[in-house]
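Okay, structure first, notes after.
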Amino acid sequence: MGYFTGLTFGGWSVSLALLVNIASRFLSGGPDVVGTFAIIVPSLITLLKAKSDLTEEEQKDNDFSEALKKGFEELLITWKVPKFLHAETKFLSTMALLLGLLGFWYSLPRISAIYNQRGLEHYRAGELSSAEADYQRAIALEPDNAKAHYNLGRLYEDWLQLKKSKQEYQLAVSAKIPRAYNNLARLYILEGDYPKAENLLVEGLKLTTEQSVYPEDKYNLYKNLGWARFKQNRDDEAKIALEKALNIAKDPKVANYLPNRASASCILAQVLERQEKPEALQEWENCRNLIIGNPLISKPNKWLDLANKLGIGNRLIPEEDTWLHLANQRIQKAQQQKQRP
């Protein structure tokens, strides 16, 4: 075996290894049209190139390989490549193939971002199974795609697959995404693990001073911190955090992006009630009015129209249903007391 023949063999061996790596990532979660095309084209090129480079001994009893070799040699003759340079030319063509596959391999993070964006579009359209497949493929192509992990965690939370959701949020937390800190902390609050939730929320709020975040993200971090403090019977600290959340929500531009705007008022009402403060009733009224009147959830579809008529809270924030019930109880009780002689 000549020097360049050996290098050629090594080159397409590496190409095959890269191809296997790329194919396994695209096929994770099941192939789609784009993924299948992305696999078939480089696969055919690599395999055909490999067969055309086989030695004569390796091509015995293999008419297909012999035909490929002859075809490639005829192409070199057409290009007027001297015969003594054929081995070098095969080596260079193999290196070109290898560089192409390397370029494709290095582009996987960008392709992963495209799949993540497509998953978001499916999610917003209510096509959740398609969204899950896209998120999973985005992660397969780029395991460190923190945004895809976060989005997949949110999808699993919608499906109440909370164990899976926590795993995905945890991976997004490791990439320092404030929303992941908030969402994971909320799940810990629902489980009653308030110290873990508190730690995540404090760390998440620190991140908001180090990177640019949306105001609604800060609202949610403060709101959930206030909720965790309330559950720990640390009412004064809860009140401070909740008032910060409410100050953020006062901005109409921010309120337009807060489907859970009522939550801070509902929790603050409970804090004030436990402190026996008279302003608790006003906060209960704010809680009820914001749940029922939130334009983001009051009239997007017939189901929510019916939910509002039945007095059901925001289905996207299940705890608000309980808080709406409490608010109605407190307000009704106050009205009855006023009517007494």
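Per the numbering used here: the sequence shown = residues 31 to 371. Built from N, CA and C at the ideal position, the CB exists for glycine as well. The structure presented is a predicted model; accordingly, all values stated were derived computationally and were not measured.
**OP:** Please report the Cβ distance between Arg209 and Asp247, rounded to the nearest whole angstrom; I am assuming they are in contact, meaning their Cβ atoms lie under 8 Å.
**Re:** As a working note, residue 209 is residue 179 in the sequence shown. As a working note, residue 247 is residue 217 in the sequence shown. Going by Cβ atoms, the distance from Arg209 to Asp247 rounds to 6 Å, so yes, they are a contact pair.
Original post:
Can you tell which of Leu298, Leu276, Ile297 and Ala299 has the C-alpha that lies nearest to the C-alpha of Leu288?
Top reply: Taking the first residue of the sequence shown as 1, we reach residue 288 at position 258. When each option's Cα is compared against that of Leu288, the closest is Leu276.
Subject >> Arg450, enclosing alpha helix (DSSP H) - first and last residue >> reply: For residue 450 there is no data in the structure shown, the boundaries of the chain being 31 and 371.
**OP:** Report the option in Asn254, Asp164, Ala155 and Pro308 whose CA atom is closest to the CA atom of Tyr224.
**Re:** Translated into positions along the sequence shown, residue 224 becomes position 194. Nearest option by C-alpha distance: Asn254.
Subject >> Gln200 versus Glu315: straight-line alpha-carbon distance, rounded >> reply: Residue 200 sits at position 170 when you count from the first residue of the sequence shown. Residue 315 sits at position 285 when you count from the first residue of the sequence shown. Their backbone Cα atoms lie some 36 Å apart in a straight line.
**OP:** Answer yes or no: do Gly256 and Ala294 have a C-beta to C-beta separation smaller than 9 Å?
**Re:** In the sequence shown, residue 256 corresponds to position 226, counting from 1. In the sequence shown, residue 294 corresponds to position 264, counting from 1. Yes. Within cutoff.
Subject >> Close-in-space but distant-in-sequence residues of the same chain around Ala176 (CB under 6 Å, 5 per side omitted) >> reply: If you number the sequence shown from 1, residue 176 lands on position 146. Ala202, Ala205 and Ile207.
**OP:** Out of Leu214, Asp351 and Tyr153, point me to the one whose CA is closest to Lys193's CA.
**Re:** Looking up residue 193 in the sequence shown gives position 163. The shortest Cα separation from Lys193 among Leu214, Asp351 and Tyr153 belongs to Leu214.
**OP:** Throw me the rounded Cβ distance for the Arg8 and Leu354 pair, which I believe falls under 8 Å.
**Re:** Missing from the structure shown is residue 8; the chain here goes from 31 to 371 and no further.
Original post:
Where Tyr186 and Glu228 are concerned, what is the direct C-alpha to C-alpha distance, given to the nearest angstrom?
Top reply: Sequence index remark: in the sequence shown, residue 186 carries index 156 (1-based). Sequence index remark: in the sequence shown, residue 228 carries index 198 (1-based). Distance between the alpha carbons of Tyr186 and Glu228: 22 Å.
**OP:** Could you work out which residue in Ile270, Arg167, Asn358 and Gln300 is closest to Leu138 when comparing CA atoms only?
**Re:** On the sequence shown, position 108 is the one that residue 138 refers to. Here the closest residue by C-alpha is Arg167.
**OP:** Within 10 angstroms of the Cβ of Gly156, are there 16 or more other Cβ atoms? Answer buried if so, exposed if not.
**Re:** One-based indexing of the sequence shown puts residue 156 at position 126. Per the 10 Å Cβ criterion, exposed.
**OP:** Consult DSSP for Gln239 and reduce its assignment to one of helix, strand or coil.
**Re:** Numbered from its first residue, the sequence shown carries residue 239 at position 209. At residue 239 the sequence reads Thr, which differs from the Gln that was named. Of the three classes helix, strand and coil, the one that applies to Thr239 here is coil, per DSSP.
Original post:
Hey, how far is the Cα of Pro245 from the Cα of Lys368?
Top reply: Position 215 of the sequence shown, counted from the first residue, corresponds to residue 245. Position 338 of the sequence shown, counted from the first residue, corresponds to residue 368. Each residue's alpha carbon lies about 40 Å from the other.
Subject >> Residue of Gln359, Leu311 and Gln300 minimising C-alpha distance to Leu272 >> reply: Working through the sequence shown from its first residue, we reach residue 272 at position 242. Comparing Cα positions, the closest option is Gln300.
Original post:
Relative to the alpha-carbon of Asp164, which residue among Asp174, Gly149 and Arg154 has its alpha-carbon at the smallest distance?
Top reply: Locating residue 164 in the sequence shown gives position 134, where the first residue counts as 1. Taking only the C-alpha atoms, the option nearest Asp164 is Gly149.
Subject >> Rounded C-alpha distance that separates Gln241 from Arg264 >> reply: Counting from 1 along the sequence shown, the entry for residue 241 is found at position 211. Counting from 1 along the sequence shown, the entry for residue 264 is found at position 234. So the two alpha carbons sit approximately 29 Å from each other.
Subject >> Own chain partners of Tyr252 with C-beta closer than 6 Å, once the 5 adjacent residues on each side are dropped >> reply: Along the sequence shown, one-based indexing puts residue 252 at 222. Cβ within range, chain order: Ala271, Lys274 and Ala275.
Subject >> Where Ile322 sits in the DSSP three-state scheme >> reply: What you label residue 322 is simply residue 292 of the sequence shown in a count that begins at 1. Helix at Ile322.
**OP:** Would you tell me roughly how many angstroms separate the C-alpha atoms of Asp174 and Arg291, rounded to the nearest one?
**Re:** Locating residue 174 in the sequence shown gives position 144, counting from the first residue. Locating residue 291 in the sequence shown gives position 261, counting from the first residue. Rounded to whole angstroms, Asp174 to Arg291 spans 32 Å at the Cα level.
**OP:** Drop a sphere of 10 angstroms on the beta-carbon of Gly222, count the other beta-carbons inside from all chains shown, and report buried for 16 or more, exposed for fewer.
**Re:** Against the sequence shown, residue 222 aligns to sequence position 192. Classification of Gly222: exposed, given that the 10 Å Cβ count is below 16.
Subject >> Within 9 Å, strictly: CB atoms of Leu182 and Glu162 >> reply: Walking along the sequence shown from the start, residue 182 turns up at place 152. Walking along the sequence shown from the start, residue 162 turns up at place 132. Their beta carbons are under 9 Å apart, which means Leu182 touches Glu162 by this criterion.
**OP:** Please check the pair Ile278 and Tyr249, which I expect to be a contact at CB under 8 Å, by giving their CB distance rounded to whole angstroms.
**Re:** In the sequence shown, residue 278 corresponds to position 248, counting from 1. In the sequence shown, residue 249 corresponds to position 219, counting from 1. At roughly 4 Å, the Cβ-Cβ gap stays under 8 Å, so Ile278 and Tyr249 are in contact.
Original post:
Going by Cα to Cα distance, which pick from Lys269, Ile169 and Asn358 is closest to Lys307?
Top reply: For the purposes of this step, residue 307 is identified with residue 277 of the sequence shown, where counting begins at 1. The residue with the shortest Cα to Cα distance from Lys307 is Lys269.
Original post:
In the structure shown, what three-state DSSP assignment does Pro245 receive?
Top reply: Along the sequence shown, read from residue 1 onward, the residue named residue 245 stands at position 215. Correct three-state label for Pro245: helix.
**OP:** Rank Leu158, His179 and Asn146 by C-alpha distance to the C-alpha of Asp188 and give the top, closest one.
**Re:** In the sequence shown, the residue the question calls residue 188 occupies position 158. Of the candidates Leu158, His179 and Asn146, the one whose C-alpha sits nearest the C-alpha of Asp188 is Leu158.
**OP:** Give the single residue among Ala357, Gln147, Leu320 and Ala178 whose Cα lies nearest to the Cα of Asn286.
**Re:** The residue given as residue 286 occupies position 256 in the sequence shown. Closest option to Asn286, Cα to Cα, is Leu320.
**OP:** With DSSP collapsed to three states, give me the class of Ile219.
**Re:** In the sequence shown, counting from the first residue as 1, residue 219 sits at position 189. Here Ile219 sits in helix by DSSP.
Original post:
The alpha helix (DSSP H) with Ala271 in it runs from where to where?
Top reply: In the sequence shown, the residue the question calls residue 271 occupies position 241. Residues Asp265 to Ala279.
Original post:
Is it buried or exposed for Lys363, if we count other Cβ within 10 angstroms and need 16 for buried?
Top reply: Taking the sequence shown and counting its residues from 1, the one referred to as residue 363 is at position 333. Exposed: under 16 other Cβ atoms inside 10 Å.
**OP:** Note down the Cα distance separating Ile297 from Ile141, rounded to an integer number of angstroms.
**Re:** For the purposes of this step, residue 297 is taken as the residue at position 267 of the sequence shown. For the purposes of this step, residue 141 is taken as the residue at position 111 of the sequence shown. Distance between the alpha carbons of Ile297 and Ile141: 43 Å.
Original post:
How would you label Ile144, buried or exposed, when you count the other beta carbons within 10 angstroms and need 16 or more for buried?
Top reply: On the sequence shown, residue 144 is found 114 positions in, with the first residue counted as 1. It counts as exposed.
Original post:
Between Gln262 and the rest of its own chain, which residues show a CB-CB distance below 6 Å, the 5 nearest in sequence each way excluded?
Top reply: As a first step, residue 262 must be located in the sequence shown, where it is residue number 232. Excluding sequence neighbours, Gln262 sits near Tyr224.
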